[in-house]
Amino acid sequence: MLATGAYVQVTHQQHDASGGMLPLRFGPDTWEFGTVAEPVAAALIATDGLFECLCPPLMANVDQPVYVPLARELMHRTETNPGAWRASAVYLRELVRNDPRFHTVDDATLLMVFDPERPPATLDDEYYAEPDWEALRQAAVERARAAWERATRHVRHTGSEARTLGGASADESCAEVSS
Numbered sequence: 000m001l002a003t004g005a006y007v008q009v010t011h012q013q014h015d016a017s018g019g020m021l022p023l024r025f026g027p028d029t030w031e032f033g034t035v036a037e038p039v040a041a042a043l044i045a046t047d048g049l050f051e052c053l054c055p056p057l058m059a060n061v062d063q064p065v066y067v068p069l070a071r072e073l074m075h076r077t078e079t080n081p082g083a084w085r086a087s088a089v090y091l092r093e094l095v096r097n098d099p100r101f102h103t104v105d106d107a108t109l110l111m112v113f114d115p116e117r118p119p120a121t122l123d124d125e126y127y128a129e130p131d132w133e134a135l136r137q138a139a140v141e142r143a144r145a146a147w148e149r150a151t152r153h154v155r156h157t158g159s160e161a162r163t164l165g166g167a168s169a170d171e172s173c174a175e176v177s178s
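Given below as structure tokens:
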């Protein structure tokens, strides 16, 4: 999180050729970390299961790929004394354990670094609003449909669109088109 209060994703999940997650221990040849030029108020490191909660794949193609309401809950720390820090740590632990937004079947580890002497700025309420999840889903469906059409542009689909492939042979449902 920048000192301005804006959340910035500075790395992406690293996958191998078959889509498997590459662990951090694989070293600098397999992982890339970005940088920011602006002053930073906090940094959060998360294992892949929680990373996907904070930067959901559904938001990967939008201007703000960070799920800001959730990131704010975690990172916008303004506690200034040890008692408040301890209470905040208990709260955050319970949040990760119980909040459905953190549901993951993977490991769940977070590391956050922040300077309590330099709390981040607060932005307008609109910045912290929930994303339009339905619009994000529709956009993902449209991207998938367009990718499917590009991948199958040399195949002509024939027959009723209502008929499923399960009831028809491949010969009945599509035919190769030569270019």
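Take the sequence shown: its position 113, counting from 1, is numbered 112 in numbering that gives the first Met the number 0, and each next residue is one higher. We treat Cβ as the ideally placed atom computed from N, Cα and C, and that holds for glycine.
Since residue i is in the beta strand (DSSP E), which residue starts that stretch and which ends it?
i       : result
Met-111 : 109-113
Leu-57  : That residue, Leu-57, is in no beta strand (DSSP E); it is neither H nor E in DSSP.
Would you mind working out which of the options sits nearest residue i, comparing C-alpha positions?
i       : options                               : result
Thr-10  : Ala-45, Ala-138 and Pro-118           : Ala-45
Phe-50  : Gln-13, Glu-37 and Asn-60             : Gln-13
Arg-117 : Gln-8, Ala-41, Trp-132 and Ala-70     : Ala-41
Pro-68  : Arg-142, Trp-147, Ala-146 and Trp-132 : Trp-132
Ala-59  : Leu-135, Leu-94 and Trp-147           : Leu-135
Gln-63  : Val-7, Leu-122 and Arg-155            : Val-7
His-75  : Tyr-127, Leu-57, Pro-81 and Asp-98    : Tyr-127
Pro-115 : Tyr-66, Thr-77, Asp-28 and Cys-52     : Thr-77
Phe-113 : Arg-71, Leu-53 and Val-61             : Arg-71
Could you tell me how far apart the beta carbons of residue i and residue j are, in whole angstroms, since I believe they sit closer than 8 Å?
i      : j     : result
Pro-55 : Leu-1 : Contact doesn't hold; Cβ gap of about 21 Å is too wide.
Between residue i and the rest of its own chain, which residues show a CB-CB distance below 6 Å, the 5 nearest in sequence each way excluded?
i       : result
Thr-3   : Ala-120
Leu-110 : Ile-44
Residues in the same chain with beta-carbon distance under 7 Å from residue i, minus the five sequence neighbours each way, listed in chain order, please.
i       : result
Gly-33  : Val-9 and Thr-10
Ala-139 : Leu-57
Sorted by chain position, which residues of the same chain lie with C-beta nearer than 8 Å to residue i's C-beta, five sequence neighbours on each side aside?
i       : result
Ala-16  : none
Leu-122 : Thr-3, Gly-4 and Ala-5
Val-35  : Leu-1, Val-7 and Val-9
Ser-178 : For Ser-178, the predicted structure reports a pLDDT of 43, less than 50, and the residue's modelled location is therefore unreliable. The matter cannot be settled from this model.
Taking the alpha helix (DSSP H) that residue i falls in, what are its first and last residues?
i       : result
Gln-8   : Looking at the DSSP string, Gln-8 is not in any alpha helix (DSSP H), and its letter there is neither H nor E.
Leu-122 : No alpha helix (DSSP H) holds Leu-122; DSSP gives it neither H nor E.
Glu-133 : 132-150
Below 8 Å, is the gap between the Cβ of residue i and the nearest heavy atom of the ligand GTP?
i       : result
Thr-151 : Within the structure as shown, the ligand GTP is missing, as the structure has no ligands at all.
- Which ranges would you report for the beta strand (DSSP E) in the region 34-92 if only whole runs of at least 3 residues count? 41-45
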